[in-house]
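Protein chains in written order, with the working numbering: chain A, 1 to 267; chain B, 268 to 584; chain C, 585 to 929.
Yeah, the Cβ is synthetic: ideal placement off N, Cα and C, and Gly gets one too.
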Amino acid sequence: MTEPLLEVVGYRGAFRSPTGELTPVLHDVSYQLKRGLITAVVGETGSGKSLVALSTLGIQPPSFRRTAGRILFKGVDLLSMDEASLRKVRGRQISMVFQDARAALNPVFTVGRQLADVFQLQHGGTRAAAMAQAIEALRLVYIPEPERRARQYPHEFSGGMAQRVMIAMAALVCQPELLILDEPTTGLDVTIQSEIMTLIVDLCKGRGLTACLITHDLGVVVETCDEVVVMNAGRVVETGSAEAIFTAPKNDYTRKLLAASQLVEAA
Amino acid sequence: MSKLTDARDVLVLALRRRATPGPGGVVGLKAPLSQSIPSEKPRRRARAPLSWSMRIGAAILLVYVTVALVSFVWTPYDPFQPGVGDGYAPPSMEFLLGTDRLGADMVSRLMAGARYDLGICLVAVSISLTVGTVLGTIAGYYGGYVDIVILRIVEAFQAFPGLLFAMLMVKAVGPGVPNIIMVLSFVGIPDYLRLARAEIQSRRDWQYAEAARMVGNRPWRVAFRHLLPNSIGPILAFTSINAAFVALVTASLGFLGLGLGPNTPEWGNMIARGQDGVMTGEWWVSFFPGLAILGMTGSFYLLGDGLSDLTDPRRRR
Amino acid sequence: MLLRRKQYMPLTLLILRRLLWVLPVALGVVTITFFMARVFTGDPTELYTPPEATDALRAQIRAQLGLADSLPRQYIRYLHDLSQLNLGTSFTTGQSVGSDLWLRLPATLELGFVGLTFGVVFGIPLGVIAAVNRERWPDFLIRGLTLGGMALPQFWIGLVLIMFFFVTLRWLPGPVGRLPVGVPLPPLVTGFLLIDTLVAGDFPKWLLAVRQLILPGLTLGLSTMAPVARVTRSSMVEAMQSDYIRTAVAMGHSKRVVWFRYSLRNALLPVVTLIGGVAGHILGGAVLLEAIFAWPGLGQYALQAIERSDFAALQGFVIYASLLYVIVFLIVDLIYMLIDPRMRS
Chain A
1 MTEPLLEVVG YRGAFRSPTG ELTPVLHDVS YQLKRGLITA VVGETGSGKS
51 LVALSTLGIQ PPSFRRTAGR ILFKGVDLLS MDEASLRKVR GRQISMVFQD
101 ARAALNPVFT VGRQLADVFQ LQHGGTRAAA MAQAIEALRL VYIPEPERRA
151 RQYPHEFSGG MAQRVMIAMA ALVCQPELLI LDEPTTGLDV TIQSEIMTLI
201 VDLCKGRGLT ACLITHDLGV VVETCDEVVV MNAGRVVETG SAEAIFTAPK
251 NDYTRKLLAA SQLVEAA
Chain B
268 MSKLTDARDV LVLALRRRAT PGPGGVVGLK APLSQSIPSE KPRRRARAPL
318 SWSMRIGAAI LLVYVTVALV SFVWTPYDPF QPGVGDGYAP PSMEFLLGTD
368 RLGADMVSRL MAGARYDLGI CLVAVSISLT VGTVLGTIAG YYGGYVDIVI
418 LRIVEAFQAF PGLLFAMLMV KAVGPGVPNI IMVLSFVGIP DYLRLARAEI
468 QSRRDWQYAE AARMVGNRPW RVAFRHLLPN SIGPILAFTS INAAFVALVT
518 ASLGFLGLGL GPNTPEWGNM IARGQDGVMT GEWWVSFFPG LAILGMTGSF
568 YLLGDGLSDL TDPRRRR
Chain C
585 MLLRRKQYMP LTLLILRRLL WVLPVALGVV TITFFMARVF TGDPTELYTP
635 PEATDALRAQ IRAQLGLADS LPRQYIRYLH DLSQLNLGTS FTTGQSVGSD
685 LWLRLPATLE LGFVGLTFGV VFGIPLGVIA AVNRERWPDF LIRGLTLGGM
735 ALPQFWIGLV LIMFFFVTLR WLPGPVGRLP VGVPLPPLVT GFLLIDTLVA
785 GDFPKWLLAV RQLILPGLTL GLSTMAPVAR VTRSSMVEAM QSDYIRTAVA
835 MGHSKRVVWF RYSLRNALLP VVTLIGGVAG HILGGAVLLE AIFAWPGLGQ
885 YALQAIERSD FAALQGFVIY ASLLYVIVFL IVDLIYMLID PRMRS
């Protein structure tokens, strides 16, 4: 049994109000992300699934405080790293795709420039070379006319296109071992959703990436993910392989979730 | 909408936004129907912390109010009585902040001055706030011709430099405290109007407004009972900026000798009358009234910082 | 970052449309001034008539001042003159208002630019420092200073500076205007002393002009610096909370890059608007500042016009001030188009 790439161990956290009160939101969250597999973390809005992911990279909201637990990446606790070491992990070893791609990209810089900046950050080299790589990355996520598109700004892209750019940035320009995707298809049209999911799966399987797909939509999970972690109100209620979860859910909440998403077909 | 209006709106909104910790997100003015927050009651937390800015600001303002009220009953000397001391006597044990050119005590005049600067300011701001917000709500909610007409008129007035407009109006309507109050209220109305209008417009199509309409509420009820209370935040935060502006304009008018009698212990007026003293070394006549203005206006800004924090809807746990 | 060729067409359209928009605003403003000015308590004729004048003489003077007709007729006449770009004649100077304004413009502009430059050059970095050091001592210090800059009347700041640097220390010259008393102006080229003196090769006079500019420029600069620093700070702090900054951090960019390459760029937008507003205000003539420093600019002109009920001069000034606001905001918009690509579509 290979060692998991990422392991969340007993993670507990709370939001700190301006008065100093702590409202616990995560209760003893533990799960593993196995190498080379796509693991889905599913749960409704507010279940805390994004918080764990953001904590991994150290970009959780400032009002969130960890109260206990560790997040082990290749055996090293990310939460005990200092900023400088964490910065080396970001992008290089773990990278992230965010939900609203158009808001997640800087509106006053061209898309190509942003991609090139990340390329130069990760791999060095000249600006021209970085730009060429940026265009290539756009091509690889099936954006037509990548040379022209690279000179455009995020607001000139549709939601789906912008998400491709985001994926290009996080999975191609960065070459991480672990790719976290926080609700990458939420808010997109249904047809676009499946296109994006196909792209993600292709990239991950093609490059042997370990992926963590955070979503509230079981529909995107069913065709694509290998493992599933179900969260509810800050707790992990069930984990297992996708097949097991969908065909034989053990927990009541999991069953409710499945029923609500109308995926209860004869497996 | 002309860029001028957009630019001012951006400015006012940028000024009132104070960074608060919270999940990231670019806050836009318009939320699509699917994302409107169902209940946006301004949070009245029993134990909401008051930031230091707000505490200090409120404390200072309280001191000013107290001084102004006390001055009606007691001052060390008579503020309107010249010659209690020598002209231009420097600060001493007898006259803590010195005397002015005519020999009147500075401390007493400063205390009495609070009545004018603070009083005029508070009344004028209240009037501007009320009238501007009501008009802005009407313009923002009803839209159409009413909106266009009101907006154009307001734009014409806003193109005037504020101080100049106040000067002109004071000359036109004549001197006296009530007139000054009226003039200053007038000057402030456009900004409140624009602010209220922008806030109301952005919320007009949100779900809870739809709900209120569907239930059968009359338009004015929806506008004033439902939309307006949720828009109060930025308007209140702007109040402090407006108050500071009014205070400075009051002082400027006083400095120019417009609108109040020459012996009025209004702080701007006192600064002007101490000008000759500055050149010959009697600095205290012009100096201390400025500090008085600093304290009052500063407290408005501090309160404003605190208010905008409190009413910022992005303040999540 | 520069505009592409196909965007020049809508650009000229924007400028034209904006200039066209000036007209109704200017008209509205002028009308308001016109009627408000003439509602002055006290007929200005009295100010220009010797006390022993006969009624006939008084009537003659009134007619000369153009006040004999009914108000509406005066208004129509004024509009007619305006359409021919005639701003009327000033009661006090006897010259055409247009030439008055033109003569005084450089003084106001020169002082305004100096103050504005000072305010921006110091204000933006201070705002950045405050934002980067949020909630630490540099932030508190800067916020305290800027609070003072915004809460104090400009004329008081000016007086205190005069008190300190002129009366007490004798380092800088007194508030007597653009040049010391008795020093003649250099030959007129642009009207800006800092330029004209150099053009005439008169370096000592250039120095004199500079020294006279320091105190008023500093006063203006300090009060400009305050809001600029504040808005820069809050704007940067807000930018730092945005999604796109979170992405940049997640990709591994260093703090320096995140703050100075990304955040600052985005934060500049509200700052540009603010600077525009301030510029419009300053270049419209800092009335009180010019009064204290005996600066022969448009602010002083406006003040005199109000005090002497000089209607034409006042109206002329108001037209100038509102035109200026529109031009300034047009420039702001153009700058916006340059730095914010979302504005270009």
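Quiz item: Using a beta-carbon distance below 9 Å, is H155 of chain A in contact with chain C?
Solution: yes
Quiz prompt | 4-residue-minimum alpha helix (DSSP H) runs that sit fully inside the region 738-780 of chain C, ordered along the chain | solution = 738-745
Exercise. Check the Cβ-Cβ distances between I538 of chain B and every residue of chain C, and say whether any is below 9 Å.
Key: yes
Quiz item: At a Cβ threshold of 9 Å, is I741 of chain C touching chain A?
Solution: no
Quiz item: Is it right to say T224 of chain A is buried, meaning 16 or more other beta carbons lie within 10 angstroms of its own, or is it exposed?
Solution: buried
Exercise. Just the C-alpha distance for L54 of chain A and S261 of chain A, rounded to the nearest angstrom, thanks.
Key: 26 Å
Practice problem: Check whether the Cβ of S498 of chain B lies closer than 9 Å to any Cβ atom in chain C. | Solution: no
Quiz item: Taking Cβ-Cβ distances shorter than 7 Å, what residues in chain C pair up with A518 of chain B?
Solution: P737
Practice problem: List the endpoints of the continuous alpha helix (DSSP H) containing T857 of chain C. | Solution: L848 to L867
Exercise. Output, in chain order, the set of chain C residues within a Cβ distance shorter than 7 Å of M434 of chain B.
Key: I890
Exercise. Please check if any C-beta of chain B sits within less than 9 Å of the C-beta of A714 of chain C.
Key: no
Quiz item: If S553 of chain B and L872 of chain C are in contact, beta carbons under 8 Å, what's the gap, nearest whole angstrom?
Solution: With 8 Å as the limit, S553 of chain B and L872 of chain C do not qualify as a contact, their Cβ atoms being about 13 Å apart.
Quiz item: Is DSSP giving E585 of chain B helix, strand or coil here?
Solution: With chain B covering only 268 through 584, there is no way to say anything about residue 585 of chain B.
Quiz prompt | Same chain, Cβ closer than 8 Å to G160 of chain A, neighbours up to 5 away in sequence not counted | solution = L188, D189, I192, E195 and I196
Quiz prompt | Buried or exposed by the 16-neighbour rule on C-beta atoms within 10 Å, applied to N509 of chain B | solution = buried
Quiz item: Can you give the Cα-Cα distance for M1 of chain A and Q120 of chain A, rounded to whole angstroms?
Solution: Since pLDDT at M1 of chain A reaches only 48, below the 50 mark, its modelled position is unreliable, and the value read off the structure follows with that caveat. Going by the C-alpha atoms only, they are around 37 Å apart.
Exercise. Please determine, among A:T185, A:L179 and A:P107, the residue with the shortest C-alpha to C-alpha distance to L5 of chain A.
Key: A:L179
Practice problem: Return the residues of the region 224-253 of chain A that lie within a Cβ-Cβ distance of less than 8 Å from chain C, sorted by chain order. | Solution: none
Self-check item: Listed by chain order, chain C residues near G380 of chain B by CB distance under 7 Å
Solution: By Cβ distance, chain C contributes nothing, its closest Cβ being about 14 Å from G380 of chain B, past 7 Å.
Quiz item: Taking DSSP as the reference, what is the three-state secondary structure of D345 of chain B?
Solution: coil
Quiz item: Can you give the beta carbon distance from D100 of chain A to D924 of chain C, rounded, assuming they're within the 8 Å contact cut?
Solution: Not really, about 19 Å apart at Cβ, beyond 8 Å.
Practice problem: Grab the span of the alpha helix (DSSP H) containing T333 of chain B for me, first residue to last. | Solution: W319 to V340
Quiz item: Using 8 Å as the threshold, is the region 37-45 of chain A in touch with the region 225-244 of chain A, meaning 3 or more CB pairs across them?
Solution: yes
Exercise. Please work out which residues of its chain come closer than 8 Å, Cβ to Cβ, to V348 of chain B, disregarding the five sequence neighbours upstream and downstream, and give them in chain order.
Key: Correcting the residue type first, residue 348 of chain B is Gln in the shown sequence and not Val. Excluding residues within five positions, the ones whose Cβ falls inside 8 Å are A371.
Quiz prompt | Buried or exposed (CB count within 10 angstroms, at least 16 for buried), I214 of chain A | solution = buried
Exercise. Would you kindly work out how many angstroms separate the C-alpha atoms of P811 of chain C and F787 of chain C, rounded to a whole number?
Key: 35 Å
Self-check item: Candidates B:I456, B:F512, B:S395 and B:I448: closest to I387 of chain B by CA position
Solution: B:I448
Exercise. Kindly list, in the order they appear in chain A, the residues whose Cβ is closer than 9 Å to that of S838 of chain C.
Key: R87 and L121
Quiz prompt | Own chain residues within Cβ distance below 6 Å of S566 of chain B, not counting five before or after | solution = G324, I327 and L328
Quiz item: With DSSP run on the structure shown, which of helix, strand or coil describes G69 of chain A?
Solution: strand
Quiz item: Going by DSSP, what residues sit across from M231 of chain A in a beta bridge?
Solution: A:V236
Exercise. Kindly indicate which residue of C:D917, C:Y920 and C:V902 has the alpha-carbon position closest to the one of F618 of chain C.
Key: C:V902
Exercise. Report the neighbours of D924 of chain C on chain A: residues whose CB is nearer than 7 Å to its CB, in chain order.
Key: V108
Practice problem: State buried or exposed for H216 of chain A, treating a residue as buried only when at least 16 other CB atoms are found within 10 Å of its CB. | Solution: buried
Exercise. Report the three-state DSSP secondary structure of M96 of chain A (helix, strand or coil).
Key: strand
Quiz item: What do you get for V482 of chain B, buried or exposed, if any count of 16 or more other CB atoms within 10 angstroms of its CB means buried?
Solution: exposed
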